[in-house]
Each structure stands twice: as C-alpha cells, then as structure tokens.
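Take a look at the structure set out below.
2 protein chains.
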Amino acid sequence: MSSSLLFYLCSLLCVALGVASVACVSLWSSRWRGGFAWDGSGLQFNWHPVLMVTGLLVLYGYGAVVYRVPLTWGQNKLPWKLLHAALMLLSLILSILGLCAVFDFHNAQKIANLYSLHSWIGITAVALFALQWAVGFAGFLLPCSPVAFRKLLKPVHVWLGGSILLLSVAACISGINEKLFFVLKGTPNGTQPYSSLPAEAVLGNSLGALIVAFGLVVLKILANVNWQRPDSRPGDTAYTVRGAGKNIQK
Amino acid sequence: MSSSLLFYLCSLLCVALGVASVACVSLWSSRWRGGFAWDGSGLQFNWHPVLMVTGLLVLYGYGAVVYRVPLTWGQNKLPWKLLHAALMLLSLILSILGLCAVFDFHNAQKIANLYSLHSWIGITAVALFALQWAVGFAGFLLPCSPVAFRKLLKPVHVWLGGSILLLSVAACISGINEKLFFVLKGTPNGTQPYSSLPAEAVLGNSLGALIVAFGLVVLKILANVNWQRPDSRPGDTAYTVRGAGKNIQK
Chain A
1 MSSSLLFYLC
11 SLLCVALGVA
21 SVACVSLWSS
31 RWRGGFAWDG
41 SGLQFNWHPV
51 LMVTGLLVLY
61 GYGAVVYRVP
71 LTWGQNKLPW
81 KLLHAALMLL
91 SLILSILGLC
101 AVFDFHNAQK
111 IANLYSLHSW
121 IGITAVALFA
131 LQWAVGFAGF
141 LLPCSPVAFR
151 KLLKPVHVWL
161 GGSILLLSVA
171 ACISGINEKL
181 FFVLKGTPNG
191 TQPYSSLPAE
201 AVLGNSLGAL
211 IVAFGLVVLK
221 ILANVNWQRP
231 DSRPGDTAYT
241 VRGAGKNIQK
Chain B
1 MSSSLLFYLC
11 SLLCVALGVA
21 SVACVSLWSS
31 RWRGGFAWDG
41 SGLQFNWHPV
51 LMVTGLLVLY
61 GYGAVVYRVP
71 LTWGQNKLPW
81 KLLHAALMLL
91 SLILSILGLC
101 AVFDFHNAQK
111 IANLYSLHSW
121 IGITAVALFA
131 LQWAVGFAGF
141 LLPCSPVAFR
151 KLLKPVHVWL
161 GGSILLLSVA
171 ACISGINEKL
181 FFVLKGTPNG
191 TQPYSSLPAE
201 AVLGNSLGAL
211 IVAFGLVVLK
221 ILANVNWQRP
231 DSRPGDTAYT
241 VRGAGKNIQK
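Residue numbers (UniProt numbering), protein chains in the order written: chain A, 1 to 250; chain B, 1 to 250.
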C-alpha cells in the first residue's frame, strides 16, 4: 500500500472517529443528561463535555493534521497556515466556553473549582493551548517575526502540540469516568449503578474508547516522518537550507 | 546545546520523574491508605496503584527508551535488545500482579469487575502490552523469524509501544481521580472532602502531574528522529539496505 493511500485511510479514520466522538458526547448530554441551558443548572454543565470534546479534542486534532495532506504540498503554504490558525482559534474559543460552562455551574451550585486531578490536567491543557496559539501566531504569522525565532520555535511548537493533545485525552477520559460515577450511583438517586453497566455507562465508556482511538490516530499521523510537509521534515536538507534563508515558511 | 547532551538531560528528567512517581504512589498507598496486605481487603487494593504505576508506566517507559542511549549505538544490539525485552517482561509481570490485586479485592468485596472507563482503558493497555511482548519476542528475538516479517513488524511495534504508553497514562490519571473521589467523601466517612484539597488530594493530584510529565518526556525521547539508533531510523539508507539483507538487527 502506498504511503499516500495509507495517509488518506488514516485521515478518513481520524475524521470518522472525531465525528463519532462529537455525536456520542452530544447524544449523552442531550438524551441522557436532559439537554442544554445556560442558567447555572446541571443543564449548563452539559455544555462542558460537548464543548471540550468538540473543541479541545476533535477540532484541535483536525487542525493539527491539516499540513499533512499530500495534495497541499505543492501549493503555497500560507492558506494552510491560516486554516491551521483558524481551526485552532475556533478550537480554543470552544474550549474556553466549555470552561465557562463548568465554572458558572460550579459557582451557581456552590461547588469548588479546580480541585480534582481532572480539572488540573484540563486547565493545564487549555492554558498551554492558549499560550501555544499566541506564541504560534506571533512567531509564524506576524511578518516581522525573525527567521531565527521561527526556526527555534518550530520543534517546540510541534512537540507542545502533541503534548496538549495527550493532556486533552487524559482530561476527557478522567472527566467521563468521574461523571459516570457521579450520576450512576444506583439506589440513592434512582438510577442503575455504573457497576451494572446500564446503557448510559456503555455510551460513556464507548465515548472514552472513541476519544482514545481518535487521539492515537492523530498522534500516528503527526509522528509519521513521511507524512510531514517536505519543507518541515526534521533533518531534511531543503528545510535546513531554507531555514538559513528567507524561504522558511514556518 | 548538542543533541546528545539534550538527550542525556531528557533521560535524566525521565529517570527522575519515574522515581518520583513510584515514590509518590508508594507513599500514598503506605502512609495515607494504610499500607499493604494480600487478603482481599482495601490493603490488597493498595498494591494496585503501586504495581500499575511502577510496572505499566515507569518500567515500561524506561524499557522503551533503552535503545535511544547514543553510547550504545556503536555496540552489538543484542544485549540491549535482551535488556529491552527483560525490562518489558518485568513491567508486564508487575502489571498483571497489579490487576490480580484489584480483581481479588473486588471479588472478596463483591464489587463488579471491568465496568468503569478506567478499567476498560487499563485492561486494553495490559492486553495490548501482553500481545506486543509476545509478538515482539517471536519477531525480534527468535532466530528463525524471517527478516521480511521483522521489517514489517518494526513500525507497528514502535507505534503500538507509544500507544500503550498513552493508554497507560490515561488509565493512571482516571484511576487516581476516581480513587480520590472514592476516599475523600467528606463528612460521611470522616475525611476532609476532595474539594477542600486536603494533603492527600494534593499528593494524589501531584502524582497525576508527575505521571503526565513522565509520559510526555518518554514520548518526546521516542519521537525525536535524531535520537533513534542509526540502524532504526525511518528512511535511513543503512536501515533500508540492511533491511533487505541479513544484517537487519531488529
């Protein structure tokens, strides 16, 4: 199988897993958890998983792999750079809205913020993401950014990008696990217990499995040296030569 | 800074984070959770986090990076391959013991097994790890294994290795988060609630932060093409030429 065909198969899988994750988390919040509102109630909390999975995971993952599409390699990089920055900005905005949803809910219900490990990992992911976007914008999109700075920034940007995705997956998994324990308590609140694996538990666990699979496919696409845009490959002569002059594009 | 010096700094960080994670989880189980036993009680459960963090995360991570030490590149690969296999086998044995600890505890306490997302992710990690070890042993250590099979297996082995580490990190984080919610319930069981961040919560959250940092450093070491043993680099001519003949070493 050619490397390019394998790339498109992986990308198709990536798109499908992302869509399935968003569908699954939306179904969970809307059908099993009662739907959405922005009123400080549990219905406001329901925006949190939907916005975080859609923003911090799926759109983020899509935004991360746009440079890898071989069809775009012969084209000017700028439109793809702008698409990357736009997708990441949208992803960041949705993530921040997702944080607002849970903070508002906690404040209205007098629940403490940022004490659980899930919240520590999640807030670190969003903070690093905001920093990454701002430094990436200044370094790679502002014309006044020096080439030497871009060269230095590039490997850090790539590594931090993958790391944020790993944090995002860990935050999603711990959050889903925690939520299922909170809501499926059994007799005390009239639900079936999580341990008897009712339909909602299977849905939540399947969402977790989809999220992990999505993260693995995105990281696989990012890690494959043969799928990196030729002017970006580590150790690639073209990159090194361009890196020393004005042709470096990112 | 030279690439080799950076490698040793990253490795030092990797070793330090691994040791700190094991120390932290041991301290948690022994001092805050009452110590260890193998009698079906909560003290048997306490082996679970210690064995999983030590086996499935830290020893696994150490085992994954042994090929990356530049000092070894001029040497025969076989002893390093044996060290890799031995570390991974020890890691697998500890992980299986860690699963036995929690299954025994659940069975003795009449708690269901394998219903939570944490358990789904964890059991998948251990099952894939066992498969990876067995196939890796057959493919890379048995002399009768065909070179063509080794060539085919190599990228799958490397990718699956990183994926198991990601699963392991997600399982650890969701497990620690879940355990802290279970044990720090506040008034009903006479503890301070998790939400008031008592010392045990800070210890557990810090353990989670150490685990994530360890995972990121290991994945960073594995992802750096310049730190891959020369005969293993993707697209490396030596590898390609050797791969076609009898000199391929893994």
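The C-beta atom is built at its ideal place from N, Cα and C for all residues, glycine as well.
Three-state secondary structure assigned by DSSP to residue i
i: K154/B; result: helix
i: P193/A; result: strand
i: K77/B; result: coil
i: K185/B; result: strand
i: P198/B; result: coil
i: N226/A; result: helix
i: G208/B; result: helix
i: Y115/B; result: coil
i: N107/A; result: helix
i: R33/A; result: coil
i: W47/A; result: helix
i: S168/A; result: helix
i: G139/A; result: helix
i: G175/A; result: helix
i: V69/A; result: coil
i: W133/B; result: helix
i: C100/A; result: helix
i: G40/A; result: coil
i: C144/A; result: coil
i: S95/A; result: helix
i: residue 251/A; result: Lying before the first or after the last residue shown, residue 251/A is absent from chain A, which here runs from 1 to 250.
Pairwise C-alpha distance: residue j and residue i
i: V25/B; j: T187/B; result: 25 Å
i: I164/B; j: F129/B; result: 7 Å
i: N113/A; j: L97/B; result: 36 Å
i: N205/B; j: L5/A; result: 43 Å
i: S11/A; j: F105/B; result: 42 Å
i: A20/A; j: V58/A; result: 10 Å
i: V212/B; j: V102/A; result: 23 Å
i: V69/A; j: L92/B; result: 38 Å
i: G63/B; j: S41/A; result: 48 Å
i: L13/A; j: W227/A; result: 16 Å
i: H48/B; j: Y194/A; result: 21 Å
i: V126/B; j: F181/B; result: 24 Å
i: V53/B; j: L210/B; result: 11 Å
i: A23/B; j: L51/B; result: 12 Å
i: D39/A; j: S29/A; result: 16 Å
i: C100/A; j: P198/A; result: 30 Å
i: A223/A; j: G74/A; result: 21 Å
i: L94/B; j: R150/A; result: 44 Å
i: L160/A; j: A108/B; result: 44 Å
i: V15/A; j: K185/A; result: 34 Å
i: V217/A; j: L167/A; result: 15 Å
i: N76/B; j: L141/B; result: 14 Å
i: F214/B; j: K220/B; result: 10 Å
Status (buried if at least 16 other CB within 10 Å, exposed otherwise) for residue i
i: A37/A; result: exposed
i: A171/B; result: buried
i: P143/A; result: exposed
i: P146/B; result: exposed
i: Y67/A; result: buried
i: K154/B; result: buried
i: G208/A; result: buried
i: Q44/A; result: buried
i: G18/B; result: buried
i: I173/A; result: buried
i: Y8/A; result: exposed
i: residue 306/B; result: Summary: the structure shown does not reach residue 306/B, with chain B confined to residues 1 through 250, and so no result is reported for it.
i: R31/B; result: exposed
i: V169/A; result: buried
i: G122/A; result: buried
i: L152/B; result: exposed
Where residue i meets chain D, residues with beta-carbon distance less than 7 Å
i: L131/A; result: Going by chain labels, chain D is absent from the structure shown, which instead holds the protein chains A and B.
Chain-ordered residues of the region 152 to 165 of chain B with a beta carbon less than 8 Å from chain A = W159, G162, S163
May I ask you to list, following chain order, the residues of the region 185 to 200 of chain B that have a beta carbon less than 8 Å from some beta carbon of chain A?
-> Y194, S195, S196, L197
Given a limit of 7 Å on CB to CB distance, which residues of the region 115 to 129 of chain B reach chain A?
-> Y115, S116, L117, H118, W120, I121
What are the residues of the region 205 to 217 of chain B that lie near chain A, defined by any Cβ-Cβ distance shorter than 8 Å?
-> Correct list: N205, G208, A209, V212, G215, L216.
Check each residue of the region 169 to 183 of chain B: if its Cβ is closer than 7 Å to any Cβ of chain A, include it; give the result in chain order.
-> Within the region 169 to 183 of chain B, the qualifying residues are V169, A170, I173, S174, I176, N177, E178, L180, F181.
Which residues, in order along the region 85 to 113 of chain A, keep a beta-carbon less than 8 Å from a beta-carbon of chain B?
-> I111, A112
Identify each residue in the region 39 to 71 of chain A for which the Cβ-Cβ distance to at least one residue of chain B is less than 7 Å, and report them in chain order.
-> Contact annotation: in the region 39 to 71 of chain A, no residue has its CB less than 7 Å from a CB in chain B.
Which residues, in chain order, does the region 10 to 42 of chain B contribute to contact with chain A at a C-beta distance below 8 Å?
-> Of all residues in the region 10 to 42 of chain B, none is placed with a Cβ closer than 8 Å to any Cβ belonging to chain A.
Can you list, in chain order, the residues of the region 135 to 148 of chain A whose Cβ is nearer than 7 Å to any Cβ on chain B?
-> none
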